[in-house]
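Quick notes on the structure that follows.
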Amino acid sequence: MNPSTQKNSIKVAGHSAISEGKLTRWVLTTIALSFLILFLLLPLFTVFAEALRNGWQTYGKALSDADGLAAIRLTIIASAIAVPLNLIFGVAAAWSIAKFEFRGKVLLTTLIDLPFSVSPVVTGLIFVLMFGASGWAAPLLEDTDIQILFALPGIVLVSIFVTFPFIARELIPLMQEQGSDEEQAALSLGANGWQTFWHVTLPNIRWGLLYGVLLCNARAMGEFGAVSVVSGHIRGETNTLPLHVEILYNEYNFAAAFAMASILASLALVTLAIKAVLEKAHGLKH
Amino acid sequence: MKFKTNSPLPGFAPALFYTVLYLALIVVIPLSGLFFKTAELGLAQFWDLISGERVTHALMISFATALAAAMINAVFGLIIAWVFVRYDFTGKGLFDAIIDLPFALPTAVAGIALSTLYSGSGWLGNLFNKVGIEIAFTPIGIVIALTFIGLPFVVRSVEPVLRELEKELEEAAASLGANRWQTLYHVVFPTLLPALLSGFALAFARGVGEYGSVIFIAGNVPYVSEVAPLLIVIKLEEYDYAGATAVAAAMLLISFVLLILINALQAWSQRYKASSGNVNAAPDKGFVA
């Protein structure tokens, strides 16, 4: 047998043995898609179906309710503070971790990931232990008028904590992959540090950065457990959008609850759509 | 040994300084407060606070439901990852984007949607009621919510490894006379196992601490469907900070022990791993909650 026919024969013999039969493929695909439809698509569909159950007029009225608008405003303000802070941190962390070699890097990366593994409720708890009536950091605030718990600062703090690793996590592998050759070239051509960052590094990471910011924002706006613990649930004042959804739902005002929820679900869908587009256009898939 | 290897790039000191400062202020210092508070309690009081029947029930329910959901997700997540990497079908891109929905959809929204869907008058709840299965307000409801939350962890952990898997290995097994099932069982599955376990661990850890998606469908009946995070919230509302801290510490402690066990299992599953190869590719943590 000459080599070429031998290769051929393996391929022919292997054809049925390295892939599944048509029936198996069909069965597996059906199981996978049914699971996704049952567990993911149906709940998503329920949000919009329930929101519009009593028609567009009820939907519009629910969205323009004063307490609802206050909740939307608070949610936007909180994430408008939390996301930029995590953005600055994410870039600084990625710059030091991806572009330099130093001792303790693994420990640093582990600590950055830590908020991923803390329950949202426990996140709320640690800030209550810190700033609550008998909290260990409460004496620091004694002489000031600063109120952290049951106010905006507390909501911002837990939002930062919960979304802490997102942007850094998105940027570190991206910047590691790109190395630092381009930056070194820019520096050797006389650019200073900032110029190098603005004109070389930033354009290279902009899509990953955008995606990290979107994700961070979606999570910050949607955070429930941690915010619920520190916010105090003051209607019209310290209620964020997810907390308002809970209140309306517990009052059996289902149409309004789902109308509010549909805003958050739309935000999630936009985030997923942009992710899909970025992945397709810029090969962001890891 | 020097702290830092030389590099011509500027900005290391200020970037690292800011990173460490921000990390300390936001994460490390607040989190350490929880440990000091727990240490303050002392062993006897700690045990007293967590050995009450309501607390042990809540802990048991949280861990048992998270374990069940992670197992369901390991099975179906593996099938989903396989189908999306290996097969082509219409609507693949759309479904692929939807897999990440639980990462992006706020937990409270998922919670009220699942609760409505599975309540006695909901579409699915109604269906299950007819065959005598109650889902809402039972531990089954909690498992369903945690399955929703955990699915992408498994799929996104397994997918990159499956994509890197060399077809030649399967061809070699086939050419040596293995049938398809033998190839999958002896060649493909052992390679995927470490990634599957890490997805399982992520889904499990997330499930134990989950609150928003669970409380609506669970009904929160003490001793039946009350989860540990909810008990922390209840204790905080009663200003019982010591009790809340003890439950949180117990939760973290048990999670930690279980994750060590899963890590050991993972190390064991990698015993055949070749020194090269990308078997241990990190899961897509970027989208992990």
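Residue numbers (numbering that gives the first Met the number 0), protein chains in the order written: chain A, 0 to 285; chain B, 0 to 288.
Each residue gets a CB set at the ideal place from its N, CA and C atoms; glycine is no exception.
Treat the numbers as computed from the prediction; the structure is a model and nothing was measured.
- Straight-line measurement puts the Cα of B/Pro189 at about 40 Å from the Cα of B/Asn219.
- Counting only residues of its own chain and dropping the five nearest sequence neighbours on each side, B/Ala248 has a CB closer than 6 Å to the CB of Thr37.
- Counting only Cβ-Cβ distances below 9 Å, A/Trp135 has contacts in chain B at Gly32, Phe35 and Lys36, in chain order.
- With fewer than 16 other Cβ atoms inside 10 Å of its own Cβ, B/Val256 counts as exposed.
- Here the alpha carbon of A/Asn216 sits roughly 31 Å from the alpha carbon of B/Thr89.
- Under the DSSP definition of a beta bridge, B/Lys3 partners with A/Phe101.
- Sixteen is the threshold: when 16 or more other Cβ atoms of the shown chains lie within 10 Å of the Cβ of A/His243, as they do, the residue is buried.
- Counting C-beta atoms within 10 angstroms of its own C-beta, B/Val27 has fewer than 16 neighbours from the protein chains shown and is therefore classed as exposed.
- Within a 10 Å sphere around the beta-carbon of B/Asn72 sit 16 or more other beta-carbons, which makes this residue buried.
- By the CB criterion at 7 Å, B/Ala57 and B/Ala227 fall inside the cutoff.
- The Cβ-Cβ distance between B/Pro159 and B/Phe102 does not fall below 7 Å.
- Secondary structure of A/His243 (DSSP, three-state): helix.
- The beta carbon of A/Ala150 does not come within 7 Å of any beta carbon belonging to chain B, so the residue lies off that interface.
- Relative to A/Leu106, the option among B/Glu209, B/Val19 and B/Ala194 whose CA is nearest is B/Val19.
- Looking at A/Thr45, A/Phe38, A/Leu213 and A/Thr23, the one whose alpha-carbon comes closest to that of A/Ala260 is A/Thr45.
- Under a criterion of Cβ atoms nearer than 7 Å, the residues of chain A adjacent to B/Ala243 are, in order, Leu124.
- Using a Cβ-Cβ distance cut-off of 8 Å, the region 114-127 of chain A and the region 43-60 of chain B are not in contact, since fewer than three pairs of beta carbons, one from each stretch, lie closer than that value.
- Just measuring C-alpha positions, the residue of A/Leu213, A/Arg234, A/Gly131 and A/Tyr248 sitting nearest A/Ile166 is A/Leu213.
- If you ignore the 5 residues before and after A/Lys98, its C-beta comes within less than 7 Å of the C-beta of Met174 and Ser179, all in its own chain and listed in chain order.
- Here B/Val154 is near B/Ala80, since their CB atoms are less than 7 Å apart.
- Taking a Cβ-Cβ threshold of 7 Å, the residues of chain B close to A/Pro114 are Val26, in chain order.
- Look at the region 34-58 of chain B: the residues with a C-beta under 9 Å from a C-beta of chain A are Phe35 and Lys36.
- About 31 Å separates the Cβ atoms of B/Leu229 and B/Leu77, ruling out a contact at the 8 Å cut-off.
- The beta carbon of A/Gly59 is closer than 7 Å to none in its chain, skipping five residues each way along the sequence.
- For the set A/Tyr210, A/Val276, A/Thr195 and A/Glu236, the Cα lying nearest the Cα of B/Pro7 is the one of A/Thr195.
- In the three-state DSSP reduction, A/Thr109 falls in the helix class (H, G or I).
- Looking only at A/Glu245, A/Leu32, A/Ala79 and A/Ala91, the smallest Cα-Cα distance to B/Leu15 is reached by A/Ala91.
- With 16 or more other Cβ atoms inside 10 Å of its own Cβ, B/Tyr21 counts as buried.
- By the Cβ-count criterion, B/Gly140 is buried, with 16 or more other Cβ atoms from all chains shown falling within 10 Å of its own Cβ.
- Inclusion of A/Leu73 and B/Pro105 in the CB contact set at 7 Å is not warranted, their separation being larger than that value.
- Taking 7 Å as the cut-off, the beta carbon of A/Phe149 is found closer than this to the beta carbon of A/Gly231.
- For the pair B/Phe75 and A/Phe34, the Cα-to-Cα distance works out to about 8 Å.
- Inter-segment contact for the region 111-125 of chain B and the region 198-206 of chain B is absent: fewer than three beta-carbon pairs are separated by less than 8 Å.
- The three-state secondary structure of B/Thr89, taken from DSSP, is coil.
- Identification of chain A residues near B/Asp99 by a Cβ-Cβ cut-off of 8 Å yields Leu271 and Lys274, ordered along the chain.
- Look at B/Val232: its C-beta is under 7 Å from a C-beta on chain A.
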